[in-house]
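Colleague:
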Amino acid sequence: MHQITKIAGYVTIILAVISFNFFLPRFMPGDPLSFLTGAPGMDMPIVLDEATRAKLLAYYGLDKPLLQQFADYMIKLMHGDLGWSTYYNAPVSSILAGRLKWTLLLIGTSTLLYIALGIVLGAISAWNRGGKSDVGLLLLLLSVGSFPPFFLGMLLIILFGVKLNLFPVFGAQSPFMAYSSPVEEAMDILHHLILPATTLVITHIGGVYLLMRNSMLNVIGEDYILTARAKGLAEWYILRKHAMKNALLPITTMIALRVGFMISGTILVETVFAYPGVGMLLFDAVMYRDYPLLQGAFLIITLVIIAANFVADMVYLRLDPRLRHD
Amino acid sequence: MTEKTIELTDLRRLWDTYSEKRIGVIGLVIMLVFIVMAVFAPYIAPHDPYELYNPMEPPGPDHLLGTNDIGQDILSELIYGARVSLFIAFFVSIVSGLIGTILGLLSGYYEHVGFFIMRIVDAFLAIPRLPLIILIAAFMRPSIWNLVIIFTILGWPITTRIIRSEVLSLRTRNYVEAARMLGAPDSYIMIKHILPNVFPLLVVRLVVEASHVILAESSLSFLGLGDPTAKSWGMILHYAFMYPTIYISDVWKWWMLPPGLCIVLTILSLMFIGYALEELVNPRLRGMTQV
Amino acid sequence: MINRRFLAVLALVVLVYSASVGVMALSVSAGTATEKVVKFAGDVPGGDWGYPSPFGFYPRGPGYIRMSFIFDTLTWKDRNGTVIPWLADSWEMSEDGRTWTFHLHHGVKWHDGEPFTAKDVQFSFDYITRHRTAFKWFQSLSYIDHVDVVDDYTAVVHLKEPFAPFLVDIAGNVPMIPEHIWKNVSDPGKFVDKRAVIGTGPFKLVKYDKEQGYYEWVANSDYFKGKPIIDRLISLSVNDAAAALLTGAIDESSFWGQRAKVASSFEDKPGFAVRWGPSYWVLKVIFNCERYPTNITAFRKALAYSINRTEIVEQVVHGYGITANTGLIHPDITGWYNPDLPDYEHNVTKAAGILDALGFIDHDGDGVREYSDGEKLEFELLTPSKFAREAELIKSQLAEVGIGVNVKVLDMSTLDDILKEGNFFLVISGHGGIANPNILQQPDWPGGTFKNETYSALYKEQRETMDPAKRRALVFQLQKIVAEELPTYALYHPRMCCIYRPEKLDTWFFTRGGVGIGIPIEMNKLVFLGEAKKGEATEGTATPSSPAPRQPGFEVVCAIAGLLTVTYLKYRVGVRRR
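Chains A, B and C, in that order, are what the protein sequence lines are. Quick note, the first sequence lines up with residues 5 to 330 if you use this note's numbering. Quick note, the second sequence lines up with residues 211 to 501 if you use this note's numbering. Quick note, the third sequence lines up with residues 64 to 641 if you use this note's numbering.
1) Answer yes or no: does any C-beta atom of chain A fall closer than 8 Å to that of T227 (chain B)?
2) In the DSSP assignment, the alpha helix (DSSP H) including V210 (chain C) goes from what residue to what residue?
3) Is the beta carbon of K332 (chain C) less than 8 Å from the beta carbon of I417 (chain C)?
4) Using the three-state DSSP reduction, which class does N501 (chain C) fall into: helix, strand or coil?
5) Is it buried or exposed, E376 (chain B), if we count other Cβ atoms within 10 angstroms and call 16 or more buried?
6) Which of the three DSSP states, helix, strand or coil, is assigned to S479 (chain B)?
7) According to the neighbour-count rule (16 or more other Cβ atoms, all chains shown, within 10 Å of its Cβ), is V249 (chain B) buried or exposed?
8) Using a Cβ-Cβ distance under 8 Å, would G281 (chain B) count as near chain C?
9) Run through DSSP, which three-state label would V15 (chain A) get?
10) Which residue's Cα is closest to the Cα of Y216 (chain C): C:V171, C:L296, C:G581?
11) Helix, strand or coil: which one does DSSP assign to V1 (chain A)?
12) How many Å lie between V276 (chain A) and S303 (chain B) at the Cα?
13) Name the two residues that bound the continuous beta strand (DSSP E) containing F442 (chain C).
14) Is the number of C-beta pairs between the segment 287 to 301 of chain C and the segment 98 to 113 of chain C that are closer than 8 Å three or more?
15) Residues in the same chain with beta-carbon distance under 8 Å from G157 (chain A), minus the five sequence neighbours each way, listed in chain order, please.
16) Confirm, please, whether the CB-CB distance from T277 (chain B) to P259 (chain B) is below 8 Å.
17) Closer than 7 Å between beta carbons: that is the criterion. Which residues of the segment 327 to 355 of chain B meet it against chain C?
18) Residues of chain B with CB closer than 7 Å to the CB of V470 (chain C), please, in chain order.
19) Whole angstroms is fine: what's the gap from G270 (chain B)'s alpha carbon to V461 (chain B)'s?
20) Given a cut-off of 8 Å on the beta-carbon distance, is the pair A227 (chain C) and Q525 (chain C) in contact?
21) Look at the alpha carbon of G112 (chain A) and the alpha carbon of R339 (chain B), and state the distance between them as a whole number of angstroms.
22) Is the Cβ-Cβ distance between A563 (chain C) and D314 (chain C) less than 8 Å?
23) Curious, which full-length alpha helix (DSSP H) runs of at least 4 residues does the segment 392 to 467 of chain C contain?
24) Please name the residue or residues paired with N469 (chain C) in a DSSP beta bridge.
25) Indicate whether at least one CB of chain B lies closer than 8 Å to the CB of P152 (chain A).
26) With DSSP run on the structure shown, which of helix, strand or coil describes P469 (chain B)?
27) Are A259 (chain C) and S116 (chain C) closer than 8 Å when you measure CB to CB?
28) Using the Cα positions of P607 (chain C) and F329 (chain C), report the straight-line distance between them to the nearest angstrom.
29) If distances are taken between C-alpha atoms only, which option among B:G281, B:M350, B:I254, B:R390 comes closest to G34 (chain A)?
30) Starting from V345 (chain C), trace the beta strand (DSSP E) in both directions and tell me its first and last residue.
31) Please go through the same chain and pick out, in chain order, the residues whose beta-carbon is closer than 7 Å to the beta-carbon of V413 (chain B), but skip the five residues on each side of it.
32) In this structure, how does DSSP classify R57 (chain A) when only helix, strand and coil are distinguished?
33) Tell me the residue span of the alpha helix (DSSP H) that contains S421 (chain B).
34) Within 10 Å of its beta-carbon, does A101 (chain A) have 16 or more other beta-carbons around it, so buried, or fewer, so exposed?
35) Out of C:S131, C:A151, C:S342, C:H221, state which residue places its alpha-carbon closest to the alpha-carbon of P583 (chain C).
36) Report the rounded CA-to-CA distance for K347 (chain C) versus Q73 (chain A), giving the unit in angstroms.
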């Protein structure tokens, strides 16, 4: 029963997002044509005559009534066709696929890192509660966590990119390099990934760290930990065997909720580092009123978030047997 | 008479506990500095932030932090920036907190209303926040009030969820059951018995939300979706980021660093306050750290 | 235990990584650059300008330019803006200006080896006219009636009516495409095959990556104008062109207006050189000529007198620009520029006098004038966000004469809509194309509230006047009307600079009047053919400067940090155990 409501909920959300995302841009002032034909403020004055304008609208199917456009869109979507981007002049699915790999790489790497580091540091902190390392870690992580991602990114670029010239300051790989081996390519990608990923890790670690620390503190007070200690078990053993396991539960839910934050942070980081991911694409799609692309990008992002929530639910069920027969 | 004194000693005791947390006191002090800066901006700022001087002056006696790309005094911009950023943050967190509390109370107390409201909350939480803001911000003309509206719309669902779960557990408490048995009206129970108990949680939530709003406002301004004529810290950073030699000359030291650090310090102070409050609210954590 | 193990693994990863980066750095520096490669990037973020086929590029200047490396036109422009023979060696125009005969260059080959003939010319014009929705760059193709093929090397273009700018706007702009490839393509926009980028041009496309905004071309060694002086041309996407130049990621970029300030950081830097040019771009205030009170010419003049354009150039573009010609045509274009136009030099007294005479007087003394019915004289000034700085300045300038202004920032598409609906008083807008009289078609473009029949008649007349002197007189008259009626008040023309590493390529120049139909860019394909260097002695590579090699510092730091972490943890654990 629980699962069915959940799934129904997800489906409703997806439908709501799809329709919201279809209609809102179309009610927004402006249409794709103004950017297709030399927009004001940047370029050559290309004055569209009415006949060409009508032809262009018909070419993109924008001359039909709104509801029919919606129906067409839904039917295409059922067949897995996301449409043709008006500005980028390419299938939306291929544009998204090309960009998504970079965003997923960036989000995936930084998520893994910030979770791992957050858990470890949180545990260390809780175990040494009140000690120097606890206070130090707490202050340090709260402080760096207060940096807006874009500001931190800019600082990293100036320090490590320009001043020390240790890392490339833009892009996802060096495009002009002919790689001699896949290892070399991977290294190059990693080299480009470090600064953006570091930005994301630093700005996100605080949440996991605090949660881990707090739930550990809760757990440490429990009787069974005291018992274990009385038995003379090694501290690290107790930590890993009892304390951590119980503290992990709330973290799972938190990570899922954090995916949304992560995506927001990624948009900023991608902008600062000119990293060719979905975030920047979404921003451009709004600017250019590229309806199909906007719809596609938004849909993908929503799906990623819902998938994350779903996975979290599943993991939660596994970790907490009490919920299994709910 | 007696009721009032009790409240005062209560507050006194709360403050005593709070001030034990050094972290909380530090946060409060930083926040107070910014609030003073915002309120008395016209008296503190050395110049009118809109007045034009020589563009791109490096720091000097006339302009302690130099001037920006069109010759406005950066220090004065910073001081006035506190107004915009803090106003949006507090206004949004209070309004969205209010909405969130009311809906949270209702949905926690009435099961059917709760089911309905929670589905809306789920939907809101499933939609990525910044992308949605980008979409709406392009639709509405960028202005401070529009930012306030957007952030309020997006802020209430989390508060609702938090308040609701607290209400759910409070509802089954003995004294609430007792009051209901005695025939007290729902509104009376909610205001008299439940609200005071969710209040501490709400305060923490308000502080957290305020820091989120400051981050969101600066992010939007940075992306160029804020109000370019408003002097907010994010907007100062936006223009600095757009400036061509920002990465390769020393300009960043006085143009990019100060507004960035202002944002960092504000968020940090809110986090410190929130952290200290949370330890107050959550008795299990009390006494665990003497920071 | 978990912590220690985790950190040990982490340290190991870091070590392995640093070692590989070190090895990589060595191998990169070991690679010898035998071929001449030039890398450039635009100053705007996002280097993707679409697939460089005639139907795939985004309708923007940089998009057209990337296509123009691969495809040629019948005529082209040299650095002075003179029309020069390209695919056509020579041409004649009929008396009535409706028929143009082109004699094509012999022996031109498509990149796939097929010969280029008059049939391709006929096909190109025919195909592009038929697919006007796909070739979005230029919309005046409706003048073309048909093209006749006389023999393999002679094509005759017939126009529906005389079109004075034909040689530049059509012959020098419409790319020639191979018939044998495109004849079977029905939706050219969606044809992004390798064969879609087979042209006759100096470069062949070898790689295009949309996500990365990456283009790579190699020289066409069989090019009929001679092999390009570089072997490989690369265009990339960077987030900050100045930083990328400095770190050696790119060899050339160009900057506009305020951003041209970058030049000051490079002018004295060894290994770099800077060249300056005009941008053929104008920023202007558009007035609504159909709404009271901006429909009163005197009122618009009062606004013009209130706006201090010199101050805008000084404060906003830091002097990297000039106050604009009020008749819109760029002053560099001596052939079309009318130098005798009023320039409305900043004059608060004069402005106040006009406003007083029109009955806009500040009765209540609050610093803002009122209409006769007592309502305040206040307007919204609409602007895209990138001109918000200029808008702020204009706001303060108009405040001095007692006109209230609220700056409203809108995104481009929204603004475009508002202009079309005529729902505005004042709008700030900017555009290129001001090297060409075409721009005068609708001086308040992209709005259109200025309706003046004399003006429209004059515009049509100059378009059909083939005699250059007569046409020039007409274009002068048009500019005079714009300057005196002021449907729009031109503010400034920015300057632009191109910063480059001369050791990589030293032939950059700005084309007078812009490339093609007026793209202000230093990327005329002649640059890569070494045209600018003809007659000059090659300076060689006297400037000893190469991009800084990767410093080994980072790897060392990482390795030490990793070792320290491990040691520390071992120590900590040891202490705890005890």
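Even for Gly, the Cβ is constructed at its ideal location relative to N, Cα and C. Since the structure is predicted, the reported quantities are computational estimates derived from the model, not experimental observations.
Modeller: From the atom records:
1) Residue mapping note: residue 227 (chain B) aligns to position 17 of the second sequence, counting from 1. No, its Cβ sits nowhere closer than 8 Å to a Cβ of chain A.
2) For the purposes of this step, residue 210 (chain C) is identified with residue 147 of the third sequence, where counting begins at 1. Counting along the chain, V210 (chain C) falls outside any alpha helix (DSSP H), though it belongs to the beta strand (DSSP E) covering 207 to 214.
3) Here residue 332 (chain C) is taken as the residue at index 269 of the third sequence, counted from 1. Here residue 417 (chain C) is taken as the residue at index 354 of the third sequence, counted from 1. If you check the CB distance, K332 (chain C) and I417 (chain C) do not come in under 8 Å.
4) Here the question's residue 501 (chain C) lines up with position 438 in the third sequence. Helix at N501 (chain C).
5) Working through the second sequence from its first residue, we reach residue 376 (chain B) at position 166. With 16 or more other Cβ atoms within 10 Å, it is buried.
6) For this step, residue 479 (chain B) is matched to residue 269 along the second sequence. Shown here, S479 (chain B) sits in a helix according to DSSP, grouped into three states.
7) Reading the second sequence from its first residue, position 39 is the one you call residue 249 (chain B). It is exposed - the Cβ of V249 (chain B) has fewer than 16 other Cβ atoms within 10 Å.
8) For the purposes of this step, residue 281 (chain B) is taken as the residue at position 71 of the second sequence. Between G281 (chain B) and chain C, the shortest Cβ-Cβ separation is below 8 Å.
9) Counting from one through the first sequence, the residue named residue 15 (chain A) turns up at place 11. Residue state, collapsed to three classes: helix.
10) Working through the third sequence from its first residue, we reach residue 216 (chain C) at position 153. Among C:V171, C:L296, C:G581, the Cα nearest to that of Y216 (chain C) is on C:V171.
11) Summary: the structure shown does not reach residue 1 (chain A), with chain A confined to residues 5 through 330, and so no result is reported for it.
12) Taking the first sequence and counting its residues from 1, the one referred to as residue 276 (chain A) is at position 272. Taking the second sequence and counting its residues from 1, the one referred to as residue 303 (chain B) is at position 93. The straight-line gap from Cα to Cα measures roughly 28 Å.
13) On the third sequence, position 379 is the one that residue 442 (chain C) refers to. 441 to 447 is the span of the beta strand (DSSP E), which, as asked, contains F442 (chain C).
14) Taking 8 Å as the limit for Cβ pairs, the verdict is that the segment 98 to 113 of chain C does touch the segment 287 to 301 of chain C.
15) What you label residue 157 (chain A) is simply residue 153 of the first sequence in a count that begins at 1. So the list reads L199, P200, T203, L272, V273, V276, F277, once near-sequence residues are dropped.
16) The count along the second sequence starts at 1 and reaches residue 259 (chain B) at position 49. The count along the second sequence starts at 1 and reaches residue 277 (chain B) at position 67. No, Cβ-Cβ distance for P259 (chain B) and T277 (chain B) is not below 8 Å.
17) Under the 7 Å Cβ criterion, the segment 327 to 355 of chain B contributes A348, R351, P352.
18) As a first step, residue 470 (chain C) is located in the third sequence; it is residue number 407 there, counting from the start. Result: T439.
19) Looking up residue 270 (chain B) in the second sequence gives position 60. Looking up residue 461 (chain B) in the second sequence gives position 251. Roughly 13 Å separates the two Cα atoms.
20) Translated into positions along the third sequence, residue 227 (chain C) becomes position 164. Translated into positions along the third sequence, residue 525 (chain C) becomes position 462. The answer is yes: Cβ separation under 8 Å.
21) The residue you call residue 112 (chain A) lines up with position 108 of the first sequence. The residue you call residue 339 (chain B) lines up with position 129 of the second sequence. The straight-line gap from Cα to Cα measures roughly 19 Å.
22) Here residue 563 (chain C) corresponds to residue number 500 of the third sequence, with the count starting at 1. Here residue 314 (chain C) corresponds to residue number 251 of the third sequence, with the count starting at 1. At residue 563 (chain C) the sequence reads Tyr, which differs from the Ala that was named. Judged by beta-carbon spacing, D314 (chain C) lies within the 8 Å limit of Y563 (chain C), meaning their Cβ atoms are closer than that value.
23) Restricted to the segment 392 to 467 of chain C, the alpha helix (DSSP H) segments that are unbroken, complete and at least 4 residues in length are 411 to 420, 451 to 463, listed in chain order.
24) As a working mapping, residue 469 (chain C) is identified with position 406 in the third sequence. Per DSSP, C:E443.
25) Against the first sequence, residue 152 (chain A) aligns to sequence position 148. In terms of beta-carbon proximity, P152 (chain A) lines the interface with chain B, with at least one pair separated by less than 8 Å.
26) Numbered from 1 along the second sequence, position 259 holds the residue referred to as residue 469 (chain B). The answer is helix: DSSP assigns P469 (chain B) an H, G or I state.
27) Sequence index remark: in the third sequence, residue 259 (chain C) carries index 196 (1-based). Sequence index remark: in the third sequence, residue 116 (chain C) carries index 53 (1-based). Closer than 8 Å, so yes.
28) Taking the first residue of the third sequence as 1, we reach residue 607 (chain C) at position 544. Taking the first residue of the third sequence as 1, we reach residue 329 (chain C) at position 266. In this predicted model, P607 (chain C) has a pLDDT of only 34, less than 50, meaning its place in the structure is not dependable enough to derive any value.
29) As a working mapping, residue 34 (chain A) is identified with position 30 in the first sequence. Closest option to G34 (chain A), Cα to Cα, is B:M350.
30) To locate residue 345 (chain C), count along the third sequence from 1; it is residue 282. 344 to 350 is the span of the beta strand (DSSP E), which, as asked, contains V345 (chain C).
31) The residue given as residue 413 (chain B) occupies position 203 in the second sequence. Apart from the 5 residues on each side of it in sequence, V413 (chain B) sits with its Cβ closer than 7 Å to the Cβ of L487 in its chain, given in chain order.
32) In the first sequence, residue 57 (chain A) corresponds to position 53, counting from 1. Three-state DSSP puts R57 (chain A) in a helix.
33) The residue labelled residue 421 (chain B) in the question sits at position 211 within the second sequence. Per DSSP, S421 (chain B) belongs to the alpha helix (DSSP H) from 405 to 432.
34) Here residue 101 (chain A) corresponds to residue number 97 of the first sequence, with the count starting at 1. Of the residues assessed, A101 (chain A) falls on the exposed side of the cut-off, its CB having fewer than 16 other CB atoms within 10 angstroms.
35) Taking the first residue of the third sequence as 1, we reach residue 583 (chain C) at position 520. Residue C:S342 is the option with its Cα nearest to P583 (chain C).
36) Position 284 of the third sequence, counting from 1, holds the residue named residue 347 (chain C). Position 69 of the first sequence, counting from 1, holds the residue named residue 73 (chain A). Rounded to whole angstroms, K347 (chain C) to Q73 (chain A) spans 38 Å at the Cα level.
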